[in-house]
Amino acid sequence: MMHKTTVIFKALADDTRLSIVRKLASMDKPVPSCDIVEACASFAELSQPAMSHHFSKLVDAGVVIEQKKGVQKLYTLNTELLTTVGVDPNKL
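Put into structure tokens, the structure is as follows:
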């Protein structure tokens, strides 16, 4: 569990990824990455590959759950995992 906790906190330590998590925490349903990017003006200067990298890091750490719906990928916050490691998603 200690290794997994380290991976989770490393994923959250990046400002861009933390912004993604904050935005997902405010969403009440799975959303496509484009909705998250559009909602955060600070992401405007990031390339699509850079955003994809940040989403991959969050998914690999288990912080974000990725679901495929046709050709679209939907993302939701793994609140259960965050709570397990002592993080309240509503207070990020």
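1339 is the number that this note's numbering gives to position 5 of the sequence shown; each next residue is one higher, with no gaps.
Cβ coordinates follow ideal geometry from the N, Cα and C atoms, glycine included.
These figures come from a predicted structure and were not determined experimentally.
Over the uninterrupted alpha helix (DSSP H) stretch that includes residue 1391, give me the two end residues.
1382 to 1395
Is DSSP giving residue 1355 helix, strand or coil here?
helix
Looking at the secondary structure, which residues open and close the alpha helix (DSSP H) in which residue 1416 lies?
1413 to 1418
Consult DSSP for residue 1400 and reduce its assignment to one of helix, strand or coil.
strand
Decide yes or no for the touch test of the region 1378 to 1387 against the region 1395 to 1406: beta carbon pairs closer than 8 Å, at least 3 of them.
no
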